[in-house]
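S.K.: Residue numbers (the working numbering): 339 to 816. Ideal Cβ placement from N, Cα and C applies to all residues, glycine included.
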Ligand SMILES: [Zn+2]
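1) If you draw a straight line from the alpha carbon of residue 469 to that of residue 370, how long is it in whole angstroms?
2) To the nearest angstrom, report how far apart residue 752 and residue 813 are at their CA atoms.
3) Out of 665, 666, 689, 731, which has the shortest C-alpha to C-alpha gap to residue 696?
4) Can you give me the C-alpha to C-alpha distance between residue 455 and residue 381, rounded to a whole angstrom?
5) Taking Cβ positions, are residue 789 and residue 551 nearer each other than 8 Å?
6) I'd like to confirm something about residue 376: is its beta-carbon nearer than 7 Å to some heavy atom of ligand 1, or not?
7) In whole angstroms, give me the CA-to-CA distance for residue 781 and residue 774.
8) Please report whether the beta-carbon of residue 402 lies at a distance below 8 Å from any beta-carbon of chain D.
9) If we call anything under 8 Å between Cβ atoms a contact, is residue 472 one with residue 452?
10) Would you mind sorting residue 580 into buried or exposed? The rule is 16 or more other CB atoms within 10 Å of its CB.
11) Note down, in chain order, each residue of its chain lying with its Cβ closer than 6 Å to the Cβ of residue 553, except the 5 sequence neighbours on either side.
12) Roughly how many angstroms separate the alpha carbons of residue 628 and residue 747, rounded to a whole number?
13) Opposite residue 769 in the DSSP bridges: which residues?
14) Going straight from the alpha carbon of residue 507 to that of residue 379, what length do you get?
15) Measure the alpha-carbon distance for residue 741 versus residue 716 and round it to whole angstroms.
16) Entirely within the stretch 420 to 469 and at least 3 residues each: give me those beta strand (DSSP E) ranges in chain order.
17) Return the chain-ordered list of same chain residues with a C-beta closer than 7 Å to the C-beta of residue 450, the five sequence neighbours on each side being excluded.
18) Between the C-alpha atoms of residue 645 and residue 615, what's the straight-line distance to the nearest angstrom?
19) What's the call for residue 634, buried or exposed, on a 16-neighbour Cβ count within 10 Å?
20) For residue 363, count neighbouring C-beta atoms within 10 Å of its own C-beta (all shown protein chains included) and say buried if the count is 16 or more, exposed if not.
21) Alpha carbon to alpha carbon, how far is residue 531 from residue 585? Give it in angstroms, no decimals.
22) With 16 as the cutoff for other CB atoms within 10 Å, does residue 649 come out buried or exposed?
23) Excluding the 5 residues preceding and the 5 following residue 661 in the sequence, name in chain order all residues of the same chain whose CB lies nearer than 7 Å to its CB.
24) Taking 7 Å as the line, does the beta carbon of residue 549 fall inside it for any heavy atom of ligand 2?
25) Would you list the one or two residues that DSSP bridges to residue 648?
26) Within the same chain, show all residues whose beta-carbon is closer than 6 Å to that of residue 778, passing over the 5 residues directly before and after it, in chain order.
27) Please name the residue, chosen from 610, 549, 702, that lies closest to residue 448 on a Cα-to-Cα basis.
28) Taking the continuous beta strand (DSSP E) assigned at residue 683, which residues delimit it?
29) How would you write the range of the beta strand (DSSP E) that residue 804 sits in, first residue to last?
30) Which residue marks the beginning of the alpha helix (DSSP H) containing residue 332, and which one marks its end?
31) Use the C-beta contact count for residue 445: other C-beta atoms within 10 angstroms, 16 or more gives buried, fewer gives exposed.
32) Quick one: give me the first and last residue of the alpha helix (DSSP H) that residue 632 is part of.
33) Return the chain-ordered list of same chain residues with a C-beta closer than 7 Å to the C-beta of residue 419, the five sequence neighbours on each side being excluded.
34) Which two residues bound the contiguous beta strand (DSSP E) that contains residue 623?
35) Label residue 796 either buried or exposed according to how many other C-beta atoms from any shown protein chain fall within 10 Å of its C-beta, with 16 as the threshold for buried.
36) When you compare the CB positions of residue 672 and residue 666, do they come within less than 8 Å of one another, or not?
Given below as structure tokens:
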């Protein structure tokens, strides 16, 4: 009689016997795998998601970082068990600390995670981990096309094309779906990441530094690191686990490249935190310097700014105001396109190119709203506000006032804001962390600065050490 633990293996083995052609030996993990999806299908999934991921997040501007991360990723992937995949590595223009992999070899890291690393070897360890998800074919089977389709659904599409139930906007529409791997998968990817980074000649002792940084972030803020936190094993446990593997490595693998100073010099000037050029709120007014507009959302509503849309949700999450770009080149054409679907009936025009409308949600429930189309510089904006039919009267006037507040942003105080940036300084003498903060003030709090520099607040910092400070990024008060 088999113990209970053996049952999943037995089931898997039996399944393998049934579908002979679908059962393969994974070269990275050495495990038998049921693969319902061919390598070509796997590659197609990653390839189809790529433009959607890039449109949702945006690529970090400039070729330097893209080339650098892609070159490093290609080197690591070439030493993996699946070197023939069409590997692609991108840096996303996103402040969150995150990295993720799609089937077929499509790997993404954010500028947020890059600004937290302190060496090239740390970056190599995270790229190696993500490569591991691909080589081990984690979760390929569970991923559905539907998940991929949802990924790229901007709010614009959600609002204007099929009227998703508006409550879902706040719950699901505002966040990108991340693939979730099991903890076992994550441990396996840690092991594979360690393998790939050492094969490429990097010092494995840099890998635990990354986990320590995530651990400190978790403790400091409780903030989510999507792929790297929610389903990942506790970072503190990962440190112990990976360290016990590192000590067992042959001595010649343990003196690899760190690349601390060259990595830090490269970080100099990188955008840090939210980029206010792409929109920011002061009070309930939203400012968009790059597109030179401002708009005031209803008092007390939660403002959300995404790459493809900006909006505000009522406190009860039963009404929305959303601003997007229309595809059409004139307000009239945009209005015509908007009213084309059968489930949207135009009401009266109430102000310039603003209209009332009634609509039916996908679930059959009635929606009432107001929508306007405004030409601003070279773009046509769609401004829409709506709620369930029965609560519309409560919000109608507030929403109309919000829509008609859209206008040109002229005030230089709001127009000229710039994002915060990383600046690298070389310490001219030894000093403690408090002295560093006094000598080189930053626009972020000391605990965050300690985390991104991987120092403790009572550490003494040696002369010549490179340190990150954060400069700029201040917003007007009012
Ligand atoms: Zn992972």
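M.R.: In short, the structure shows the following:
1) 19 Å
2) 8 Å
3) 731
4) 29 Å
5) yes
6) no
7) 13 Å
8) Protein chain content of the structure displayed is limited to a single chain, and chain D is not contained in it.
9) no
10) buried
11) 573, 574
12) 10 Å
13) 799
14) Note that residue 507 has pLDDT 31, beneath the 50 cutoff, so the model's placement of it is unreliable and no number is given.
15) 19 Å
16) 426 to 430, 437 to 440, 444 to 448
17) 432, 433, 434, 435, 436
18) 11 Å
19) buried
20) exposed
21) 16 Å
22) buried
23) 633, 647, 648, 649, 719, 721
24) Because ligand 2 does not appear in the structure shown, any question about it cannot be addressed here, the ligands present being ligand 1.
25) 643, 661
26) 763, 807
27) 610
28) 682 to 689
29) 804 to 809
30) Outside the displayed range of the chain (339 to 816) lies residue 332, so it cannot be described from this structure.
31) buried
32) That residue, residue 632, is in no alpha helix (DSSP H); its beta strand (DSSP E) goes 631 to 634.
33) 365, 366, 473
34) 623 to 626
35) exposed
36) yes
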